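Below is one structure, written out as structure tokens; the observations come after it.
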Amino acid sequence: MPQNKLAMPRIMRLISMMKENRFPNHARLVAEMKKLDPAGTYQISQKTVQRDILYLKNEFKAPIRYDNEKRGYFLTNPEWTLDVPLLEETDMKAAVLGARLAETLFPSPVRGEVRQAVDHLLSGNEKGLDENASLLALVATGARVPIQPEIFSEIFKAWQTHHAAEIHYKGASSETPEPMLLEPHVLVFHDGIWYLKAKLLERSGRVLAETPVRTLALHRISDARLHPGNFQPDSALIRESNAGDIFHLPKVRNIRMRLTGSAVTYARENFSGEFKAFPDGSAELLIPSADEYKLLQFIFTSGGEARATAPDEFKMKVRSIAEKILNAHF
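Per this note's numbering, residue 759 is the first one in the sequence shown, and the count goes up by one each step.
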């Protein structure tokens, strides 16, 4: 992360402005930050903004472009989110609230009012919010799926101090919570939900010969407590999470689709790729890489207006799923 303690609030405000289609540039970002700090703590140069943009592009693959007509930056994929597993306590606390606001969990005008209040607190307190004050409760209740504050507190402390944690976890298909002993390597906020990327040491009292990596949803943890002993954070897990690979979901590469009707607009707004428009209003889209489930969801909800033409393996998977759906309904 950038070393400047004010960098995260600035970057989160930059992302928020792009999410709201306000096309931030140097002058607009300075004006926004001055609202938070009339005394002038935020001295932002043109190069600082350019560095922030490059940082988001290089480290988080942010789909950012510059609009010459509106003279500002924008996101080519409005659904892009910043997943921030961080190593510094102060940066984490700033990101906790900043990410929530950037994800636009609240509708306007409440969204703007809450963001301004939290940004003001962050800009005026170099240590972030006091962990014994409102931070943990706000995080727990502000997530799309609520988490018990005391559980978030224990997991956060374990992650922060590199301690193992004893938890009881109920998976999506489990009937009862299962006891686990794990090392919490990455704590990440994604799409309104908190996740923990951890190495499992024990499961149901059984010591595991290997230490598999699991991504667990914090709201499914019913009990958590610190365990004696420290561990060394896995830098590889942190790097891959920073790059957006949180769930190891299957991906499809070099996808080509033919689009008609409303699928053209939807694809432009939700996928980053090379578009080729045709006079009849249809379009062809080439996507370098995308999550398989997102592509399948898009194709099957488009009502035939999105057709995969490559690669062949993906086309066959679409056909196979379509046949299963037909057989199930006739």
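Where is the CB? At the ideal position from N, CA and C, for every residue including glycine.
Being a predicted model, the structure only gives us computed values, none of them experimental.
Contact check for residue 1009 against residue 980 fails: the beta carbons are separated by 8 Å or more. By DSSP's assignment, residue 977 forms no beta bridge with any residue. Judged by DSSP in its simplified three-state form, residue 809 adopts helix. Per DSSP, residue 1020 lies in no beta strand (DSSP E) segment; the continuous alpha helix (DSSP H) that holds it begins and ends at 1020-1028.
If you check the CB distance, residue 995 and residue 944 come in under 8 Å. Boundaries of the beta strand (DSSP E) around residue 1046: 1041-1049.
The Cβ neighbour count for residue 831, taken over all protein chains shown within 10 Å, is at least 16; the residue is labelled buried.
Counting C-beta pairs closer than 8 Å gives three or more between the region 1007-1027 and the region 1056-1074, which meets the contact rule.
Within 10 angstroms of the beta-carbon of residue 773 lie 16 or more other beta-carbons, which makes it buried. Residue range 1009-1017 is occupied by the beta strand (DSSP E) that includes residue 1011.
For residue 992, the secondary structure class from DSSP, reduced to helix, strand or coil, is coil. Cβ-Cβ distances below 8 Å link residue 781 to 775, 825, 828, 829, 830, 831, 832 in the same chain, with the five nearest sequence neighbours on each side left out; the list follows chain order. In the three-state reduction of the DSSP assignment, residue 1070 falls in the helix class.
In the DSSP assignment, residue 917 falls within the alpha helix (DSSP H) that extends over 907-919.
In this structure, the straight-line span from the alpha carbon of residue 1012 to that of residue 1030 is close to 12 Å. Here residue 961 really is in contact with residue 938; their C-beta atoms are around 6 Å apart, less than 8 Å. The residues 836, in chain order, have a CB closer than 7 Å to that of residue 1027 in the same chain once the five nearest residues on each side in sequence are set aside. Judged by DSSP secondary structure, residue 1035 falls within the beta strand (DSSP E) whose first and last residues are 1032-1035. For residue 1004, there is no enclosing alpha helix (DSSP H), since its DSSP letter is neither H nor E. With at least 16 other beta carbons inside 10 angstroms of its own, residue 948 counts as buried. The region 930-984 is shown to contain whole beta strand (DSSP E) runs of 3 or more residues at 936-948, 951-961, 971-975, in chain order.
Secondary structure note for residue 840: it is in no beta strand (DSSP E), with a DSSP letter that is neither H nor E. Cβ-Cβ distances below 7 Å link residue 1072 to 1010, 1013, 1066 in the same chain, with the five nearest sequence neighbours on each side left out; the list follows chain order. At least 8 Å separates the beta-carbon of residue 969 from that of residue 954. With contacts defined by Cβ atoms closer than 8 Å, residue 920 and residue 991 form a contacting pair. Taking a 10 Å sphere around the C-beta of residue 1078, we find fewer than 16 other C-beta atoms and assign the residue as exposed. In the displayed model, residue 789 falls within a helix according to three-state DSSP. Per DSSP, the continuous alpha helix (DSSP H) segment holding residue 769 begins and ends at 765-777. Beyond the five residues adjoining it in sequence on each side, residue 769 comes within less than 6 Å, by CB distance, of 810 in the same chain, given in chain order. A Cβ-Cβ contact shorter than 8 Å links residue 923 with residue 942. Residue pairing for residue 832: DSSP places it in a beta bridge opposite 823.
The beta carbon of residue 1044 is closer than 6 Å to those of 1014, 1031, 1032 in its chain, skipping five residues each way along the sequence. Inclusion of residue 802 and residue 812 in the CB contact set at 8 Å is not warranted, their separation being larger than that value. Secondary structure of residue 1063 (DSSP, three-state): coil. Of the residues 940, 989, 987, the one whose Cα lies closest to the Cα of residue 972 is 940.
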